[in-house]
Amino acid sequence: MSTVPPKNEVGVLYVVATPLGNLKDITLRALEILQSVDLIAAEDTRTTLKLLNHFELKGPKLVAYHEHNEKERTPSLIKALKEGKKIALVSEAGTPGISDPGAVLVRRAHEEGLPVVPVPGPSALACALSVSGFPLDEGFVFLGFLPAKRAKRRAVFQEVAKERRPLVFFEGPHRIEGTLGDALEILGDREVFLAREMTKKHEEYLLTRLSALYERFSQEKPRGEFTLVLAGASKGPRTPSEKDIAEALKAAFNHGTSLKEAVQKVSQETGAPKKLVYQLALKLRDSL
């Protein structure tokens with residue numbers, strides 16, 4: 281049975297999920313919708329054109345719709361919908377509106393009483409959670425892309441430090457080391473699930489601890505896009521924070537322990553990586 285409405289119906293905005301990397305993950309319904317619409321509003325027209333060409337889909341007009349032009353372009357798309365046009369909204373990969381452009385257009389369509397229809401499919405959030413192994417019966421907290429500025433990023437971690445549910449967020453290769461370091465200092469050495477380059481040639485899935493992941497990316501150049509799932513706050517003894525480590529270092533220094541010995545002692549006691557303890561020890565020593 282065809283899912284494409286007749287041409288004489290009112291305009292419809294389809295929110296279409298597209299593959300994260302492996303083009304075989306496209307759904308049959310998504311292909312049918314993309315072929316039938318009058319217009320495709322794409323976050324990256326180049327990526328969408330590759331998808332259309334791969335499946336030999338011809339006809340729909342492509343227009344760019346991304347974070348830098350969504351407010352300016354939304355009125356013209358709403359106008360087209362009111363004129364009876366069928367529009368597909370797609371992001372560069374995955375499901376639009378989830379840390380990707382789309383919410384502005386969808387909200388405006390609702391306000392105008394225009395139909396908005398989801399065409400479900402790949403989602404980095406759902407994919408990572410499904411293979412993380414973390415219990416999700418009580419839900420999870422999705423943080424999206426964390427702020428680029430360190431102070432704001434740390435503030436986000438401080439806000440969720442006592443959250444018992446798993447924390448999920450996206451991060452790019454250029455900030456992953458700093459983000460992991462901030463998480464380790466503020467949240468403590470928790471379990472973390474890494475999903476990198478999902479469904480692509482060099483995809484990676486790893487359940488480890490924050491300290492180990494931080495050490496890894498402080499020594500190697502990170503590549504790809506990351507989805508990270510962090511264990512929620514423990515119901516048992518609290519994991520060491522930056523404040524815990526600093527207090528342990530101060531106590532060691534007050535007993536006349538050398539920098540090297542203090543770093544080794546505190547690292548063993550708290551389970552924090554030596555590199556992190558050493559950095560904090562230098563700051564603390566300079567302030568004494």
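One rule links them: number in this note's numbering = place in the sequence shown (from 1) + 280.
Beta carbons are placed, not taken as given, at the ideal position from N, Cα and C, and that holds for glycine.
For residue i, name the three-state secondary structure that DSSP assigns.
i	result
V384	helix
M281	Because M281 carries a pLDDT of 46, less than 50, the predicted location of this residue cannot be relied on, and no value is offered for it.
A513	coil
Y494	helix
V436	helix
L423	strand
A431	helix
P502	coil
L564	helix
L337	coil
P299	coil
F473	strand
P286	The predicted model places P286 with a pLDDT of 49, which falls under 50 and marks its position as unreliable; any figure quoted below should be read in that light. The answer is coil: DSSP assigns P286 none of H, G, I, E or B.
V370	strand
F414	coil
Y345	coil
E484	strand
T307	coil
R353	helix
T479	coil
V448	strand
V273	A query on residue 273 cannot be resolved here, the shown segment of the chain reaching from 281 to 568 and no further.
A528	helix
T507	strand
I456	helix
I358	helix
In angstroms, rounded to a whole number, what distance separates the CA positions of residue i and residue j?
i	j	result
R388	L416	32 angstroms
T537	G551	19 angstroms
M281	G419	Per-residue confidence for M281 stands at a pLDDT of 46, beneath the threshold of 50, marking its modelled position as unreliable; the derived number appears in the next sentence. If you take the alpha carbons of M281 and G419, they lie about 35 angstroms apart.
K530	E471	27 angstroms
A513	A360	48 angstroms
R445	A408	15 angstroms
P355	L369	14 angstroms
I320	F414	37 angstroms
S403	V343	22 angstroms
K545	A526	13 angstroms
E372	A511	29 angstroms
Q260	L490	Nothing in the structure corresponds to residue 260, since the chain is present only between 281 and 568.
H482	F533	46 angstroms
D318	I367	6 angstroms
A542	E495	19 angstroms
N288	L357	Bear in mind that a pLDDT of 49 at N288, under 50, signals an unreliable position, so the model cannot answer this.
T307	K338	17 angstroms
A463	A441	9 angstroms
S567	V509	35 angstroms
L488	R353	According to the sequence provided, residue 488 is Thr. The question's Leu does not apply to it. Going from the Cα of T488 to the Cα of R353 covers about 43 angstroms.
K540	L303	52 angstroms
F335	I313	13 angstroms
Would you check if the distance between the CB atom of residue i and the CB atom of residue j is smaller than 8 angstroms?
i	j	result
I466	S547	no
S498	K554	no
K365	G291	yes
G377	A297	no
K362	V384	no
F249	S412	The shown model of the chain, from 281 to 568, leaves out residue 249, and the question about it has no answer.
L311	V396	no
Y485	A492	no
Since I believe residue j is in contact with residue i (beta carbons under 8 angstroms), could you give me their beta-carbon distance rounded to a whole number of angstroms?
i	j	result
V448	G382	Wrong, their Cβ atoms sit about 19 angstroms apart, outside the cutoff.
E323	D380	6 angstroms
M478	T459	Going by Cβ atoms, the distance from M478 to T459 rounds to 18 angstroms, so no, they are not a contact pair.
V399	R309	6 angstroms
R301	K429	A small correction: the amino acid at residue 301 is Gly; Arg does not occupy that position in the sequence shown. Actually they do not touch by this definition, with Cβ atoms about 29 angstroms apart.
Can you find a C-beta in chain B that's less than 8 angstroms from the C-beta of residue i?
i	result
G504	Annotation note: the requested chain B is absent from the structure, which comprises a single protein chain.
Q.
When you compare the region 497-506 with the region 557-565, are there three or more beta-carbon pairs, one atom per stretch, that lie closer than 8 angstroms?
A. no
Q. Are three or more beta carbon pairs between the region 389-397 and the region 423-434 nearer than 8 angstroms?
A. no
Q | Touching by the beta-carbon criterion (3+ pairs, under 8 angstroms), the region 424-442 and the region 329-337 | A | no
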